[in-house]
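Count the sequence shown with this note's numbering and you get residues 137 to 706, in order. Don't be surprised by glycine CBs; every beta carbon is placed ideally from N, CA and C. For clarity, every value in this text was computed on a predicted model and none was experimentally measured. Only one structure is covered here, and it is reproduced in the block below.
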Amino acid sequence: MPPPEKAFDRRVAKLGKPLTPLGEPGQSWQEMEDRYRAICHLSEAPVFIWALDSQGLPSRLLEANQAACRLLGYSLSDLLALPFAELVVSPPCGPELARLVASGGQDAFPIVFRAADGSHLDRSLRFQVLGTGKVRTLLGVLSQPPTDPLQMALAVLESALEGVAVLDRQGRVKTVNPTFSFITGYAPEELKGRNPEFLYAVGRNGPEFYPRLWQRLTREGRWNGEVWSRRKNGEIYPQWLTITVVQDPTLEGPRYVMLMQDLSEAKRNQERLQFLSQYDVLTGLPNRALLRDRLSQALARAQRNGQAVALMCLDVDNFKTINDSLGHAVGDQILQAMAQRLEGCLRQEDTVARPGGDEFALVLGDVQDVDKALMVAQRVQSVLADPFLVEDHELYLSACIGVCLFPADGSDVDTLLRNAETAMYRAKEAGRGSIRLFTQAMNTRVTRRLTMENLLRKALQRGEFEVYYQPKVEIDSGDIVGCEALVRWRRPEVGLVAPDEFIPLAEETGLIVPLGEWVLLRALAALKSWHQAGFPHLSVSVNFSARQLLWQHDVVPMVDSALAATGLPP
137 MPPPEKAFDR RVAKLGKPLT PLGEPGQSWQ EMEDRYRAIC HLSEAPVFIW
187 ALDSQGLPSR LLEANQAACR LLGYSLSDLL ALPFAELVVS PPCGPELARL
237 VASGGQDAFP IVFRAADGSH LDRSLRFQVL GTGKVRTLLG VLSQPPTDPL
287 QMALAVLESA LEGVAVLDRQ GRVKTVNPTF SFITGYAPEE LKGRNPEFLY
337 AVGRNGPEFY PRLWQRLTRE GRWNGEVWSR RKNGEIYPQW LTITVVQDPT
387 LEGPRYVMLM QDLSEAKRNQ ERLQFLSQYD VLTGLPNRAL LRDRLSQALA
437 RAQRNGQAVA LMCLDVDNFK TINDSLGHAV GDQILQAMAQ RLEGCLRQED
487 TVARPGGDEF ALVLGDVQDV DKALMVAQRV QSVLADPFLV EDHELYLSAC
537 IGVCLFPADG SDVDTLLRNA ETAMYRAKEA GRGSIRLFTQ AMNTRVTRRL
587 TMENLLRKAL QRGEFEVYYQ PKVEIDSGDI VGCEALVRWR RPEVGLVAPD
637 EFIPLAEETG LIVPLGEWVL LRALAALKSW HQAGFPHLSV SVNFSARQLL
687 WQHDVVPMVD SALAATGLPP
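Below is the structure:
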């Protein structure tokens with residue numbers, strides 16, 4: 137029997153006759169296998185062909201080329217005699233390789249070979265399934281990075297994410313990479329030999345674009361910048377272009393390399409981020425940041441022209457009830473419909489914004505006086521009075537509006553926003569659908585209220601409250617039969633604060649709950665001491681606020697606890 141090398145040489149000789157293309161009808165499997173094996177031995181990369189076992193995994197080595205023998209240090213006969221398990225120290229994962237064989241595809245896997253001298257070679261092998269049905273083999277080709285600088289450059293050129301074109305010294309296209317064709321829409325043969333100027337939108341870049349580009353390129357050897365380009369389908373798109381002069385001493389004159397990057401997606405992302413930073417996503421209206429900018433511009437124009445600006449803050453009445461009862465989806469649709477109505481009743485130069493939640497803001501330029509601002513506010517109320525039809529629900533809404541004017545109520549953005557919100561809160565206190573103008577007296581009252589609220593919180597911590605007892609006298613006998621507990625606030629360095637100043641504030645802020653509990657405990661403790669002093673017939677009355685009953689849902693347990701703490705019978 138001739139050695140394997142001679143037998144294979146005879147098979148290669150058969151390839152001299154005409155053959156049908158690989159895989160074509162009429163081609164025998166032996167013919168296809170001979171051609172694959174011929175290609176295998178002609179390849180400079182190590183190539184292996186294995187038989188497959190019943191589980192679809194490589195078993196016996198059928199063929200290997202001389203490059204594989206040189207790599208591992210075996211003769212071909214010794215290499216063919218080695219089982220897969222002895223040749224490969226660390227094989228690919230069995231299930232993954234079996235799936236590859238079952239699918240009939242190709243993929244690369246890491247693999248560790250055992251060389252003839254006992255050393256281990258860590259490589260990457262690309263597997264390809266050959267044949268169909270039961271007659272199948274597994275082709276393995278060793279992946280080798282190109283070592284030649286020119287090959288490396290060509291590999292980088294082909295895989296680059298940027299479009300690359302090489303121009304000759306006349307500025308005509310010599311070659312392009314696939315990305316360049318993908319970006320421009322032109323096939324390589326449509327570009328070769330042409331000056332790439334036709335790819336750029338002259339009207340967008342200006343008539344002096346090319347002269348300036350070539351002047352700088354000649355002077356500095358490099359040009360880059362953002363330009364407008366045109367695809368084959370006519371679409372105009374932004375592009376970042378870099379052109380570099382490449383001097384080649386073996387050629388007459390320089391060559392040029394163009395690198396292009398399509399900026400379309402980056403521009404869209406930039407515009408999206410810009411939108412998100414300045415606009416409300418739900419309604420498309422300006423958000424708080426853009427509202428401040430629009431208001432600032434309106435103030436600057438009004439100051440130059442000697443005009444007034446009206447700022448309105450609008451809060452939807454009982455909007456939380458809609459969200460809680462009908463769901464946030466319905467609430468969102470109402471906000472969108474409300475935004476459209478507000479935009480429809482204002483001029484184009486005015487601004488409608490949504491700072492957040494169920495609040496809107498309106499900026500009106502060139503307002504002659506407060507009466508004009510009030511007319512607009514009333515028109516807004518009228519527009520919102522029409523029913524909103526959302527998902528078979530007919531909803532009637534109203535809003536409270538606070539109004540302030542520049543320059544009467546403030547000369548800067550922060551002051552005007554604060555004062556308009558103050559007026560809006562006063563409108564909410566007045567009831568649904570109210571409109572309130574900001575006044576300095578209102579500002580003074582709000583400032584005083586905030587100060588009092590802060591002092592009230594600290595007063596609870598510092599023990600500044602006292603309980604006074606108003607006696608109840610039996611008229612016939614003149615005997616004291618009981619009393620009513622009354623809380624008083626003694627502020628240091630100020631003295632007693634009238635109850636009508638701090639009780640309503642305590643009710644609004646919820647501080648009435650801890651304050652009421654403290655008064656109850658003090659009153660019951662005092663009553664206990666009176667009983668022990670020989671006055672068991674006395675009783676005490678303690679007032680509860682209606683707000684306290686709303687804020688505190690465990691009033692009865694609180695009273696039980698206070699009675700237990702003092703030892704008094706109910």
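Would a C-beta distance cut-off of 8 Å place residue i and residue j closer than the cut-off?
i           : j           : result
residue 357 : residue 381 : yes
residue 680 : residue 646 : no
residue 588 : residue 531 : no
residue 627 : residue 600 : yes
residue 520 : residue 535 : yes
residue 278 : residue 308 : no
residue 421 : residue 489 : yes
residue 725 : residue 335 : Residue 725 is absent from the structure shown; the chain starts at 137 and stops at 706.
residue 684 : residue 639 : no
residue 448 : residue 539 : yes
residue 315 : residue 329 : no
residue 263 : residue 242 : yes
residue 664 : residue 704 : yes
residue 621 : residue 678 : yes
residue 552 : residue 431 : yes
residue 249 : residue 223 : yes
residue 425 : residue 414 : yes
residue 293 : residue 391 : no
residue 566 : residue 537 : no
residue 399 : residue 375 : yes
From the DSSP output, which residues share a beta bridge with residue i?
i           : result
residue 667 : Answer by DSSP bridge pairing: none, since residue 667 is not bridged.
residue 713 : In this structure the chain extends from 137 to 706, so residue 713 is not present and cannot be described.
residue 618 : 608, 675
residue 487 : 499
residue 654 : Note: residue 654 sits in no beta bridge, so no partner.
residue 258 : 248
residue 272 : 267
residue 573 : 539
residue 602 : 624
Excluding five sequence neighbours on each side, which residues of the same chain lie with their C-beta closer than 6 Å to the C-beta of residue i?
i           : result
residue 624 : 602, 604, 632
residue 354 : none
residue 472 : 419
residue 416 : 423, 490
residue 607 : 616, 619
residue 281 : For residue 281, the predicted model reports a pLDDT of 49, less than 50, meaning its position is unreliable and no value from the coordinates is stated.
residue 446 : 500, 503, 509, 541
Starting from residue i, trace the alpha helix (DSSP H) in both directions and tell me its first and last residue.
i           : result
residue 635 : 635-645
residue 551 : 549-566
residue 230 : 230-239
residue 91  : What is shown of the chain runs 137 to 706, which leaves residue 91 out entirely.
residue 187 : Counting along the chain, residue 187 falls outside any alpha helix (DSSP H), though it belongs to the beta strand (DSSP E) covering 183-188.
Starting from the C-beta of residue i, find all residues in its chain whose C-beta is less than 7 Å away, skip the five residues before and the five after it, and write them out in chain order.
i           : result
residue 359 : 349, 352, 353, 379
residue 595 : 601, 625
residue 346 : 333
residue 524 : 470, 473, 531, 533
residue 495 : 449, 450, 451
residue 179 : 201, 203
residue 485 : 501
residue 527 : 466
For the beta strand (DSSP E) containing residue i, list its first residue and its last residue.
i           : result
residue 221 : It is not in any beta strand (DSSP E) - residue 221 instead sits in the alpha helix (DSSP H) that spans 220-223.
residue 246 : 242-250
residue 375 : 372-382
residue 466 : Element bounds for residue 466: not the beta strand (DSSP E) but the alpha helix (DSSP H), 464-480.
residue 200 : 194-200
residue 398 : 391-398
residue 101 : Beyond the ends of the chain as shown, which are 137 and 706, falls residue 101; an answer cannot be given.
residue 535 : 535-542
residue 360 : 358-366
residue 525 : 524-526
Here's a check: name, in chain order, each residue in its chain whose Cβ is nearer than 8 Å to the Cβ of residue i, leaving out the five neighbours to either side.
i           : result
residue 198 : 185, 186, 187, 216, 273
residue 591 : 627
residue 674 : 616, 617, 618, 619, 663, 666, 667
residue 321 : 367, 368, 369
residue 568 : 453, 454, 534, 536
Answer yes or no: the CB of residue i versus the heavy atoms of the ligand MG, is any distance below 7 Å?
i           : result
residue 559 : You won't find the ligand MG in this model; it holds no ligand whatsoever.
**Request:** Pair every Cβ in the region 227-240 with every Cβ in the region 199-207, then say whether three or more of these pairs are closer than 8 Å.
**Result:** no
**Any 3 or more C-beta pairs closer than 8 Å across the region 479-489 and the region 457-464** = no
**Request:** Report yes or no: do three or more beta-carbon pairs, one from the region 550-558 and one from the region 569-578, lie closer than 8 Å?
**Result:** yes
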